[in-house]
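Quick notes on the structure that follows.
Protein chains in written order, with our numbering: chain D, 26 to 360; chain X, 26 to 360.
In structure tokens:
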């Protein structure tokens, strides 16, 4: 296939606009006019979130395929919608690309985006494609909807609530470490971790179920569990106590941690991009919900306490320590 | 003030989230949760548009201030909403910045964004701020609303309609040329042109009025009038005939064109980023509307013809020539 410089901006748009609408009922105008025209569902609140991925900062084309990159660029936004208890509906995609980029790269990137959009019923309804001599930048904005009663914010946690997560933690960070170290293909344990990093699955169904079943606060785990519980604690004006031995970690993570010579718990607490959900809920409500849901494995990892007790971790020996808020923070210089 | 590396991502968010809500009635959650939560107006269609600006491609920090850059980043999106006949409501802003960027730069950039958002009643409800060693990239997504009856697409132009524009053309392109040439401060004529380039005013009121008064098609002039009428002709399956002597050009443009040794009409037809609107309308309806509107100066520049007549320009001598679609096109190599 051609380079973008031969194809031009309009040729590129023609190439990508096929199969972008997964729900024709809520799109009046998709790609190709000044703005997309969308039909909101009555009596729903609108959700809006945006995320930018920069080459060499957020992704490395030596370890991710364009398809995976496209999938993830949508996933990270869909995850934010899930964390509010909502359903993702529409995406607009901005791409900055060097002129020498092969058209095939863009087509594969869009295939990855279209795959996850198809899974979650999201329409790609517009975008902007511009040239950038300095590398690839992808920005995705996703609009979603939520029933007013099902909206979950960060700020509703109450002392006495349990703290729980929707799945295993640390996989993505360990996967990233393995990708960075190279030669991971030899290890069977590496695959679920690398996959979790490259093509994370946003927890939309779980988020909607939690939203309609009394979750008092919720966050997606994009910057690591420790950082997210600090966010909830701050927004809700509460403290949070986590139990190290309750943090769900798969065996593959523990094996990888041994190879990487780092505590598995570090990946689970401080590693980013798991895109599981952390939420709080009244204990009785949590019991009822977990008993009735065979399709979900949720893990209680702690409890909400009063603000004066701070955010702490009870380690395997029963010692209580302050839990650092560290996680991925842009702009702080790395050591 | 500090560099971003000292401030960190959360310090930065604290710095910019003041004065971001101009209409409290339609925002439930703004900056600071996983996604913004917004209250749509009943029975309106939702509009969504996004634009990305890349340093050294779309802007040059030696000729634009951060304030102007912020203003323009919002303006180009608001213009897309105007072109549909709609009202802009909410914006989310993604910034990729080198770690060495002074915090003051970001504050000034946001001041420019907040200024135009205040003018047009737009809320800044979220965003993403990431590091980028390779320069600055800004992506803005704007969500808007439009009454279903007032929606104007590109595709409704009919043979017999007039073609008109909402203001002078060519200013922005001439302003860009003057900025590139340098020493423009000596010329009085340069100011309105440079201003048109650096802080364009989106035509929201005009767009809404045209939407509610029978415009049959509309486009904002981001890539030059020639390119936009080709877009309308293609989407509407019609031809368009423009008259060179009717294209509105201010005297300052003509003076600048002399200095730059280029026909003024070239700036008006092929220069981008004017962000005026071009629209089509039944002739009788256009007469009624222009007679009743003292606040707007609209210029008839041509007429819609049948598709087989193509897109043409009648020059000052009355010769009919094909009008090239050229305008700004990303990815095409420049000569």
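Note that beta-carbon positions come from the ideal geometry of N, C-alpha and C, so glycine has one too. All figures in this text were calculated on a predicted structure; none of them were measured in a lab.
Contact between residue 190 of chain D and residue 273 of chain D holds, since their C-beta atoms are separated by about 7 Å, short of 8 Å. In the structure shown, residue 268 of chain X adopts extended strand secondary structure according to DSSP, grouped into three states. At a cut-off of 8 Å between C-beta atoms, residue 65 of chain D counts as an interface residue with respect to chain X.
Judged by beta-carbon spacing, residue 62 of chain D lies beyond the 8 Å limit of residue 64 of chain X, meaning their Cβ atoms are not closer than that value. Proximity of residue 178 of chain X to chain D, defined by a Cβ-Cβ separation below 8 Å, is satisfied.
The segment 178-188 of chain X makes no contact with the segment 80-94 of chain X, as fewer than three CB pairs between them are under 8 Å. Listed along the chain, the chain X residues whose CB falls inside 8 Å of the CB of residue 75 of chain D are 117, 118, 119, 151, 152, 153, 164, 166. The Cβ of residue 299 of chain D sits no closer than 8 Å to any Cβ of chain X. By DSSP's assignment, residue 149 of chain X forms a beta bridge with X:116. With the criterion set as a beta carbon lying under 8 Å from some beta carbon of chain X, the members of the segment 50-64 of chain D are 53, 54, 57, 58, 59, 60, 61, 62, 63, 64, in sequence order. Minimum Cα-Cα distance from residue 226 of chain X among the listed residues X:299, X:171, X:318, X:90 corresponds to X:299. The beta carbon of residue 326 of chain D sits closer than 7 Å to those of 188, 189, 190, 267, 268, 271, 272, all from its chain and outside the five residues before and after it, given in chain order.
Here residue 50 of chain X is exposed, its C-beta having fewer than 16 other C-beta atoms within 10 Å. For residue 135 of chain D, the closest of D:254, D:90, D:159, D:236 by C-alpha to C-alpha distance is D:90. A contact between stretches requires three or more CB pairs, one per stretch, nearer than 8 Å, and the segment 292-308 of chain D meets this requirement with the segment 233-251 of chain D. The alpha carbon of residue 173 of chain D has as its nearest neighbour, out of D:207, D:152, D:111, D:277, the alpha carbon of D:111.
Annotated three-state conformation of residue 346 of chain D is strand, per DSSP. The contact set of residue 39 of chain D on chain X, defined by CB atoms closer than 8 Å, is empty, because the minimum CB distance reaches about 12 Å.
One thing to note: residue 154 of chain D has its Cβ no nearer than 8 Å to the Cβ of residue 264 of chain D. Counting only runs that start and end inside the segment 49-109 of chain D, the alpha helix (DSSP H) elements of at least 4 residues fall at 91-107. Contact of residue 244 of chain X with chain D is assigned, a C-beta pair being separated by under 8 Å. Per DSSP, reduced to three states, the secondary structure at residue 230 of chain X is helical. Within chain X, no residue has its beta carbon less than 9 Å from that of residue 143 of chain D; the closest one is some 19 Å off. When X:284, X:240, X:209 are compared, the shortest CA-CA separation from residue 306 of chain X is found for X:240. Residue environment for residue 39 of chain X: exposed (fewer than 16 other C-beta atoms within 10 angstroms of its C-beta). Residue pairing by DSSP puts residue 243 of chain D in a beta bridge opposite D:304. Segment contact: the segment 139-157 of chain D against the segment 100-119 of chain D, three or more CB-CB distances shorter than 8 Å; contact assigned. In chain order, 58, 59, 60 make up the part of chain D whose C-beta sits under 9 Å from the C-beta of residue 108 of chain X. Note: residue 127 of chain X is bridge-paired with X:28 in the DSSP secondary-structure output. Using beta-carbon distances, residue 70 of chain D counts as an interface residue toward chain X, with a partner under 8 Å. At a beta-carbon threshold of 7 Å, the residues of chain D lying near residue 105 of chain X are 59, 60, ordered along the chain. For residue 255 of chain X, no CB of chain D lies under 8 Å from its own CB, so it is not counted at the interface with that chain.
Looking from the CA of residue 211 of chain X, the closest CA among X:284, X:120, X:228 belongs to X:284.
Taking a C-beta distance under 8 Å as the contact criterion, residue 30 of chain X and residue 75 of chain D do not qualify as a contact pair.
Taking 8 Å as the upper bound for CB-CB distance, residue 60 of chain X and residue 77 of chain D are not in contact here, some 15 Å apart. Residue state for residue 328 of chain X is assigned as strand, using DSSP reduced to three classes.
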